[in-house]
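J.: If you're matching positions, the sequence shown starts at 158 in our numbering and goes up one per residue.
Yeah, the Cβ is synthetic: ideal placement off N, Cα and C, and Gly gets one too.
For clarity, every value in this text was computed on a predicted model and none was experimentally measured.
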Amino acid sequence: MIDVSAVRRLSRGALATLLIAAGLSAFSVSAGTLDEIKARGMMNIATEDDFHPFEFIQDGTPTGYDTELVKLITANAPFKLHQDTIPWAGILPGVTTGKYDMAVSAVLVTDARKKTLQFASPIAESTTYYLTKTGGTAIKSTTDLNGKAIGVEAGSAMEKQLQALDAKLKAAGGAGVKQIVEYQGYPEAYQDLALGRLDAVVNTQINLEALIKEKPGVFAMGQPIAEPVYIAWAAAKGNDSLIAYINSLLLAARKDGKMYELQKKWLGASFESMPETIQ
Numbered sequence: 158m159i160d161v162s163a164v165r166r167l168s169r170g171a172l173a174t175l176l177i178a179a180g181l182s183a184f185s186v187s188a189g190t191l192d193e194i195k196a197r198g199m200m201n202i203a204t205e206d207d208f209h210p211f212e213f214i215q216d217g218t219p220t221g222y223d224t225e226l227v228k229l230i231t232a233n234a235p236f237k238l239h240q241d242t243i244p245w246a247g248i249l250p251g252v253t254t255g256k257y258d259m260a261v262s263a264v265l266v267t268d269a270r271k272k273t274l275q276f277a278s279p280i281a282e283s284t285t286y287y288l289t290k291t292g293g294t295a296i297k298s299t300t301d302l303n304g305k306a307i308g309v310e311a312g313s314a315m316e317k318q319l320q321a322l323d324a325k326l327k328a329a330g331g332a333g334v335k336q337i338v339e340y341q342g343y344p345e346a347y348q349d350l351a352l353g354r355l356d357a358v359v360n361t362q363i364n365l366e367a368l369i370k371e372k373p374g375v376f377a378m379g380q381p382i383a384e385p386v387y388i389a390w391a392a393a394k395g396n397d398s399l400i401a402y403i404n405s406l407l408l409a410a411r412k413d414g415k416m417y418e419l420q421k422k423w424l425g426a427s428f429e430s431m432p433e434t435i436q
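#1: Hey, out of A367, K325 and I248, whose CA is closest to G221's CA?
#2: Starting from L365, trace the beta strand (DSSP E) both ways and give me its first and last residue.
#3: Please confirm if the segment 331-350 is in contact with the segment 294-313, defined as three or more CB-CB distances below 8 Å between the two stretches.
#4: Report the three-state DSSP secondary structure of K237 (helix, strand or coil).
#5: How do the segment 231-247 and the segment 277-287 stand: do at least 3 beta-carbon pairs fall below 8 Å, yes or no?
#6: For the alpha helix (DSSP H) containing V334, list its first residue and its last residue.
#7: Could I get the ranges of all uninterrupted beta strand (DSSP E) runs contained in the segment 250-274, with 3 residues as the minimum, in chain order?
#8: Spatial neighbours of T434 within its chain, please: CB distance less than 8 Å, with the 5 preceding and 5 following residues excluded, ordered by chain position.
#9: Sort Q240, D349, A357 and M315 by Cα distance to A295 and report the nearest one.
#10: Please list, in chain order, all residues of the same chain as P432 whose beta carbon is under 7 Å from its beta carbon, the five residues on each side excluded.
#11: Let me make sure I understand the geometry here. Which of W245, A203, T218 and Q380 has the alpha-carbon closest to that of P344?
This is how it looks when you write it as C-alpha cells:
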C-alpha cells in the first residue's frame, strides 16, 4: 500500500515511478477505440477526487462540473459509463497505460501533454492565479513572490507555470521562489496556507474563486502568473474515433446552450469563445 503522507511532496516523475511500482503497470491495457467501447458496452473514465468545482465527492457521490457534463452528453450514448474517482496523480498515467479510456477531469492543455494525450473539444478556459491568506504576508504582485514558499499540486500544469514564473523572476534579477512545495491534492495546500506554513498557493482562477466563496474572509485572490489556457478531457494519443465522437457530443451541448448552463452553475461564468477543437 502506498503511504500517502510519504508521497505528498514527491515530484511528478518520482510519484509516477512509485505508482508504477505499486502496480499501476500491472493493469491490463483495456482502453479502446469507439467501436471497441461500443462492443464492450462500457466506457471507463477517471475523474479527480477533490478538485472543486470541477470534480469532487459529496455525500459519497461524485459530482461537479465534469461529472454532470459527461452524464449530460452521454445520456443517449450506445454504452454505459464506469467512473473511477481517484487522486490526480493516477489519472493521466491511467489513460496513457490503458486503464482508462478517457480522463474526464480538469486537464490543462499543454504542449508537453500533447505528446502522449489527445484532447477533446475544450470545456472551459483557465488562468492560473496565486492565492494568499487574508492578513498574511504582504504580496501585492507576482514580483512579491520572490523569496516566498508557494504550494502547488504535484505534476499539474500549474506547477509547470510556477516553475516558469520562478525562472522569469530570476531572469529579472530577483531571488526567485524560495520553495515550491508540492502536494498530492489542493486541500492540504490550502490548509498549510491558512496555518501560515506557506506564503501563497497557485491554482486556476475558477478553483480559487470557488474556495474563497466557500471560506469567506480566509483567503485573498492575487494576480495571474501565466497566460490563459484551455481545459479539456483527454484520451491516449491516436484514439481519433473516440475523440471525434466525444467532440460531436460536446459541440452539440454548446450549440443547445446546456454546456454553458453547467459552466455558469459550477464555474460562475460561461466560455462561449472557445475553439471547437484543440490543435
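T.: Taking the geometry as given:
#1: If we check each option's Cα against that of G221, A367 comes out closest.
#2: Per DSSP, L365 belongs to no beta strand (DSSP E); it is in the alpha helix (DSSP H), Q362 to E371.
#3: yes
#4: strand
#5: no
#6: Looking at the DSSP string, V334 is not in any alpha helix (DSSP H), and its letter there is neither H nor E.
#7: 259-265
#8: S278 and N404
#9: A357
#10: Closer than 7 Å at Cβ, skipping near neighbours: P279.
#11: When only C-alpha atoms are compared, the closest one is W245.
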